[in-house]
Amino acid sequence: MNPYRRSPFVIAAAILVYFFLYAPIVGLILYSFNASRTNVTFEGFIPAFSENVVMDGSLVKSSPCGLFHWYCDLAKNDDVAEAAGNTLTIAITATIISTVIGTMAALALQRYNFKIKPFSQLSLYIPIVIPEIVMGIGILTLFSQFFGCANETFNLAGDARLSLGIATVTMSHIAFMVPFVTLVVQARLQGFDKSYEEAAMDLGANEWTTFRRVTFPMILPGIMSGALLAFTLSLDDFVITFFTNGPGSTTLPIYVYGLLRRIITPQVNALSTVWILVVFLAVLMLQILQNRESKSHS
Amino acid sequence: MLQRLRENKSAQGTLLALPTTVWLFVLLIIPLILTLVVSFGRRNPDGNVIYDFTLDNYIRLFGYSTDCPDGQASCFDPIYVNILGRSLSLAFNTTMFVIALAYPLAYFIARSHPRRRNMYLFMVLIPLWTNFVIRVYAWMMLLRKEGAINIIIGWVMNALNIPFAPLEMLYTPGAVLVGMVYEFLPFMILPIYTSLEKIDNSLYEAAADLGANPFKTLLRVTLPLSMPGVVAGTILVFIPVMGTFIVSDILGGRQVILVGNLIQRQFLDARDPTFGSAASLILMVMTLIVTYFYTRKFGFGEEIVVA
Amino acid sequence: MTSEFAVELRDVVKRFITPEGNELNAVDHVTMQIKNGEFFSMLGSSGCGKTTSLRMVAGFEWPTEGEVYIEGKAMGHTPPFQRKVNTVFQNYALFQHLTVYQNLAFGLEMEGAKEDEIKKRVGNALEMVQLTGMDRRKPKQLSGGQQQRVALARALIKTPDVLLLDEPLGALDLKLRKEMQLELKALQQQLGITFIYVTHDQEEALTMSDRIAVMSKGRVQQMGTPVEVYERPANKFVADFIGESNFLEGKVKSISKKEASVFIPALNAELAATPISEGIVKGEDVVISVRPEKVRVAEKGAMNQNMFRGKVTNTVYIGADTHVFVELQGAKLKVWEQNRISRLDPKSFYAVGQDVWLMLMPENSLVLKKE
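Line by line, the protein sequences give chains A, B and C.
Take the first sequence: its letter number 103 is residue 103 in our numbering, and every next letter is one higher.
Take the second sequence: its letter number 231 is residue 231 in our numbering, and every next letter is one higher.
Take the third sequence: its letter number 343 is residue 343 in our numbering, and every next letter is one higher.
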């Protein structure tokens, strides 16, 4: 009996679900080549190249970039560049910090007994069981109350006034990312045989060297997947960012959301397409790397 | 000093866990306490909070109104209760649809050749990693009066010579449901897949050997063993659906107002943080109650982490 | 070497709290002295405290009471990386992310050895365990036996005073295990280092050791050479655990230093026997142990002292021997007869139901304490 035999119903259902998953994305990409500026209906591809953009009403007749008119348009958009920069700055900073402290916490929770352990472990489940919006408005209240107090007490004015910005977004992101890092690393540590560390110590390595040369390299794949999860959570986050961002700290999701409530040109589709492409390539690269890693280990 | 730390395992553990614990305490637990405090307060005309102890916000949430027709002093206004109920039923329906769609796909992946599993999973991850807001936008384009769905139905109807007026799908509860299902589908596929993948093939063989047909095997072996994945997936879907406001904002317009929209508006448009805080605490309590009873019945698997 | 003993455990107790919250003495007042250059085995079933004792020598655990001495020095809370002992782990604990070469070099790097020296010593070590040319492989690319050799080389490259081996052959198949037993013994003799070897396999312990500590329930039941523990077991546990034995319960009628007379109710007879356990007094309830290969069977005989008539209940042919099960009144005895003559039907010799005579020689009938 072939162990991988599946009934035709299962296969058909799987194909339908994949179709459901991908149809909207394909549509999104298609409309990024739309000649229509209003982007309500698909008015065909942009037909020609020309030195300057030629419009006929709301239709783009020709453009220096031809088919890729909206991508060129996007490249010229400084707001997008700024939002992309903010998004990456926040995601990278928050990922580094949450990975470091999250891994430390995972080691502590998996290896040690200490007084505040039950509390530490329990607090990890908060972001999982409490809706994001509840955390978002809570953090907003905290920051606004704290900043209000601080600004008044120290008579801060002008640029010195504390306000919401990249720092508050990053700090809030770390708060909901750390638990995921910790839980992922903890799960990996569960399968970790202590005898490897004992062997290292037996061979003359002290605690720190043992961690650096043996424990860390061995749990690195777990840490990496924790970090990766944290990074994507940060990139994708809308709700927490929505409540904690301020002037100058707009991220891409916030920027796109802002556009959706106004006029939508195919530029948004171009931006989405670029985003999807970047994510696709990043995930693909990671998969290839992981596969190579696991092959060299087996 | 070093020697003493080396022998004091408890101190080592505390030190390692301290940064995370403090961070979570300051940015998750204190905010929750603050929300509780604010929810008992009143707002002044500028939208600032006056700390007080009044249950007005909660009373208002549960239907007490002083803004009544016929000049009554007070009356029952179900607007907020309806919003809470609508959110709950939407979250419930979304979860059901998501399970129905996710299970066959997860099963398909788990039972495919190990060499192809990664690729199939990868195909689930791509839409998941495409931004949340972008995914709502994609549906907005599809569901519009001039959108692809109407165009395709139009073609079909045209070919069948049936008169057809484009359907108004955007800004309906159905649109919000479809959007929610689409947004959270991958969060159900991954944990179910994880628990299905753990089922050893010999169990299927044993079931067949003992005389179970494929349907009975599914019912008596596969489903029970994959319950941890379904439970984890439900938590990962139900809770965020309860609190999301973008999907209803964009696909529901002003027609479909959920708790999330209510809270968001109190903080931004209506500027009544005290009422918003009360609503958000009610939302939290509702999700906690559901999670508590649900996990108490089925357990809280480690599958929660894999997504 | 500063001390007569390579390793010494003095009245060591290791207490654990079980998950149910009870205290458990995994090691219960153990005292052992292991001489320099000795091949010393700790033998016992799982949970007898042998591995915990070894881990206290390695430094992975610290005694709750008592003290571990290495080369005469009290170890106290010395961490493992400051002890001049090295361990071969049961699961080998080879670093999966490092190559064979890097695994072997690890310990030398920790000593701060120069690269040239590391290269030379790793080369020598690989040669010693016959793995030359495997240096760039990852542990997972090696067979079980090869991994075992890498683990051995990785520990020995540090030239420890004492090598600790925690069931190192447990994961190998029987044939490979037998080969490795002899190789390990030869290696130990060639290097002249002290080996402390933990195993649950009595045959392995007998094959390799200079001395064996038989352990049970956290205590040492007997310490001695393989011959001593087999031929002169200190109590019934040891006689039962090492090899096989027939046990007959009885009461001491008379006892001197050299001989004893024990009344066996099951046989309704007095048996002349040799006193072994210390401190046995007249009138005490004891147990007589007779090894099955030391019982003589005859087809004809006479009822006299230490000779009994019985009936064959079953025979099992196992190649070198035939195991004959004989019922003697109230007792059942197993007897191993060597198949000295080549013949096709061993059952033709002792048929089930046949009457036979069993001779329990006084020098083979050992008087042991009951527990």
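Ideal Cβ placement from N, Cα and C applies to all residues, glycine included.
Keep in mind it's a predicted model, so treat the numbers as computed, not measured.
Sub-8 Å separation of Pro166 (chain B) and Gly154 (chain B) beta-carbons: Position 166 of the second sequence, counting from 1, holds the residue named residue 166 (chain B). Position 154 of the second sequence, counting from 1, holds the residue named residue 154 (chain B). Cβ distance < 8 Å, so Pro166 (chain B) and Gly154 (chain B) count as in contact.
Selection of the region 149 to 165 of chain C by Cβ proximity to chain A, strictly under 8 Å: Going along the region 149 to 165 of chain C in chain order, one finds Arg154, Ala155 and Lys158 with a Cβ nearer than 8 Å to chain A.
Length of the line joining the Cα atoms of Leu258 (chain B) and Leu94 (chain C): Residue 258 (chain B) sits at position 258 when you count from the first residue of the second sequence. Residue 94 (chain C) sits at position 94 when you count from the first residue of the third sequence. Each residue's Cα considered, the two are about 56 Å apart.
Spatial distance of Leu24 (chain C) from Lys14 (chain C) (CA atoms): Here residue 24 (chain C) refers to the residue found at position 24 when the third sequence is read from its first residue. Here residue 14 (chain C) refers to the residue found at position 14 when the third sequence is read from its first residue. When rounded, the distance between both Cα atoms is 8 Å.
Tyr317 (chain C) - partner residues in DSSP beta bridges: Against the third sequence, residue 317 (chain C) aligns to sequence position 317. Looking at the DSSP assignment, Tyr317 (chain C) forms a beta bridge with C:Thr322.
Proximal residues to Ile255 (chain C) (C-beta, below 8 Å), its chain only, five neighbours per side dropped: Within the third sequence, the letter at position 255 stands for residue 255 (chain C). Correct list, in chain order: Ser261, Pro275, Ile280, Val281, Lys282 and Val367.
Closest residue to Glu198 (chain A) among C:Phe89, C:Leu142 and C:Gly72 (Cα-Cα distance): On the first sequence, residue 198 (chain A) is found 198 positions in, with the first residue counted as 1. It is C:Phe89 whose Cα lies nearest to the Cα of Glu198 (chain A).
Where the alpha helix (DSSP H) through Val237 (chain B) begins and ends: The residue labelled residue 237 (chain B) in the question sits at position 237 within the second sequence. Unbroken alpha helix (DSSP H) run through Val237 (chain B): Leu223 to Gly243.
Member of C:His29, C:Ile288 and C:Lys158 whose CA lies at the smallest distance from the CA of Pro233 (chain C): In the third sequence, residue 233 (chain C) corresponds to position 233, counting from 1. For Pro233 (chain C), the nearest C-alpha among the options comes from C:Ile288.
In DSSP terms, what Asp166 (chain C) is bridged to: Counted from its first residue, the third sequence places residue 166 (chain C) at position 166. Beta-bridge pairing links Asp166 (chain C) to C:Val198.
Beta strand (DSSP E) segments (min. 3 residues) lying fully within the region 222 to 298 of chain A: Secondary structure within the region 222 to 298 of chain A: not one fully enclosed beta strand (DSSP E) run of 3 or more consecutive residues is present.
Rounded C-alpha distance that separates Phe62 (chain B) from Asp200 (chain B): By 1-based counting over the second sequence, the position of residue 62 (chain B) is 62. By 1-based counting over the second sequence, the position of residue 200 (chain B) is 200. The alpha-carbon atoms of Phe62 (chain B) and Asp200 (chain B) are separated by roughly 50 Å.
Terminal residues of the alpha helix (DSSP H) in which Gln12 (chain B) lies: Taking the second sequence and counting its residues from 1, one reaches residue 12 (chain B) at position 12. Per DSSP, Gln12 (chain B) belongs to the alpha helix (DSSP H) from Lys9 to Leu24.
Proximity of Thr215 (chain A) and Met201 (chain A) at Cβ, strictly below 8 Å: Reading the first sequence from its first residue, position 215 is the one you call residue 215 (chain A). Reading the first sequence from its first residue, position 201 is the one you call residue 201 (chain A). When the beta-carbon positions are compared, Thr215 (chain A) and Met201 (chain A) stay at least 8 Å from each other.
Any chain A beta carbon closer than 8 Å to Thr87 (chain C): Within the third sequence, numbered from 1, the residue matching residue 87 (chain C) stands at position 87. It does; some Cβ of chain A falls within 8 Å.
Test: Asn206 (chain A) CB closer than 8 Å to a CB of chain C: On the first sequence, position 206 is the one that residue 206 (chain A) refers to. At least one chain C Cβ lies under 8 Å of Asn206 (chain A).
Assigned exposure category for Ala307 (chain B) - 16 Cβ within 10 Å defines buried: Taking the second sequence and counting its residues from 1, one reaches residue 307 (chain B) at position 307. Bear in mind that a pLDDT of 40 at Ala307 (chain B), under 50, signals an unreliable position, so the number given afterwards is only what the model happens to contain. By the neighbour-count criterion, in which a residue is buried when 16 or more other Cβ atoms sit within 10 angstroms of its Cβ, Ala307 (chain B) is buried.
Chain B within 8 Å of Trp275 (chain A), Cβ atoms only: As a position in the first sequence, residue 275 (chain A) is number 275, starting the count at 1. Chain B, which has a Cβ nearer than 8 Å to the Cβ of Trp275 (chain A), makes this yes.
Simplified DSSP assignment, three categories, for Met1 (chain C): Residue 1 (chain C) sits at position 1 when you count from the first residue of the third sequence. Interpretation of Met1 (chain C) is limited by its pLDDT of 48, a score under 50 that renders its predicted location unreliable; no figure is taken from the coordinates.
Proximity test, Cβ basis, 8 Å: Gly85 (chain B) and chain A: The count along the second sequence starts at 1 and reaches residue 85 (chain B) at position 85. Chain A, which has no Cβ nearer than 8 Å to the Cβ of Gly85 (chain B), makes this no.
Own chain, CB closer than 8 Å to Tyr125 (chain A), minus 5 neighbours either side, in chain order: Position 125 of the first sequence, counting from 1, holds the residue named residue 125 (chain A). Within the same chain, Cβ atoms closer than 8 Å to the Cβ of Tyr125 (chain A) are found at Pro179, the five residues on either side in sequence being excluded.
Three-way DSSP call (helix, strand, coil) for Trp62 (chain C) in this model: Stepping through the third sequence from its first residue, residue 62 (chain C) is reached at position 62. The answer is coil: DSSP assigns Trp62 (chain C) none of H, G, I, E or B.
Every unbroken beta strand (DSSP E) within the region 56 to 120 of chain A, with a cutoff of 3 residues, ordered by chain: Along the length of the region 56 to 120 of chain A, whole beta strand (DSSP E) runs at least 3 residues long occupy 59 to 63, reported in chain order.
The region 161 to 176 of chain A: positions lying closer than 9 Å to chain B by Cβ: Going along the region 161 to 176 of chain A in chain order, one finds Met171, Ser172, Ile174, Ala175 and Phe176 with a Cβ nearer than 9 Å to chain B.
Simplified DSSP state of Gly218 (chain C), which is helix, strand or coil: Against the third sequence, residue 218 (chain C) aligns to sequence position 218. In the displayed model, Gly218 (chain C) falls within coil according to three-state DSSP, outside both helix and strand.
Within 8 Å, strictly: CB atoms of Leu54 (chain C) and Gln202 (chain C): Start at 1 with the first residue of the third sequence, and residue 54 (chain C) comes out as number 54. Start at 1 with the first residue of the third sequence, and residue 202 (chain C) comes out as number 202. Going by C-beta atoms, Leu54 (chain C) is not nearer than 8 Å to Gln202 (chain C).
Where Glu8 (chain C) sits in the DSSP three-state scheme: Along the third sequence, read from residue 1 onward, the residue named residue 8 (chain C) stands at position 8. DSSP places Glu8 (chain C) in strand when its eight states are reduced to three.
Beta-carbon proximity list for Ile254 (chain A), same chain, < 8 Å, skipping 5 on both sides: Here the question's residue 254 (chain A) lines up with position 254 in the first sequence. Result list for Ile254 (chain A): Ala83, Phe238, Thr241, Phe242 and Asn245, in chain order.
Pair within 8 Å by beta-carbon distance, Val57 (chain C) and Val85 (chain C): Residue 57 (chain C) sits at position 57 when you count from the first residue of the third sequence. Residue 85 (chain C) sits at position 85 when you count from the first residue of the third sequence. Contact annotation: Val57 (chain C) and Val85 (chain C) have beta-carbon atoms nearer than 8 Å.
Lys120 (chain C) in three-state terms, based on DSSP: Taking the first residue of the third sequence as position 1, residue 120 (chain C) is located at position 120. Of the three classes helix, strand and coil, the one that applies to Lys120 (chain C) here is helix, per DSSP.
Three-state secondary structure assigned by DSSP to Asn339 (chain C): Counted from its first residue, the third sequence places residue 339 (chain C) at position 339. Asn339 (chain C) carries a coil assignment under DSSP once its states are collapsed to helix, strand and coil.
Closest residue to Ser172 (chain A) among B:Thr94, B:Asn158 and B:Leu24 (Cα-Cα distance): The residue given as residue 172 (chain A) occupies position 172 in the first sequence. Among B:Thr94, B:Asn158 and B:Leu24, the Cα nearest to that of Ser172 (chain A) belongs to B:Leu24.
Euclidean distance between Cα positions of Tyr64 (chain B) and Ala73 (chain B): Here residue 64 (chain B) corresponds to residue number 64 of the second sequence, with the count starting at 1. Here residue 73 (chain B) corresponds to residue number 73 of the second sequence, with the count starting at 1. Distance between Tyr64 (chain B) and Ala73 (chain B), taken at the CA atoms: about 10 Å.
Per-residue DSSP class, three states only, for Ile212 (chain C): On the third sequence, residue 212 (chain C) is found 212 positions in, with the first residue counted as 1. Look at Ile212 (chain C) here: in three-state DSSP terms it is strand.
Residue from C:Pro292, C:Asp355 and C:Ile157 whose Cα sits closest to the Cα of Gln338 (chain C): As a position in the third sequence, residue 338 (chain C) is number 338, starting the count at 1. Here the closest residue by C-alpha is C:Pro292.
Ala159 (chain B) at chain A interface by Cβ criterion, 8 Å: Translated into the one-based positions of the second sequence, residue 159 (chain B) becomes position 159. With its beta carbon at least 8 Å from every one in chain A, Ala159 (chain B) lies outside the interface.
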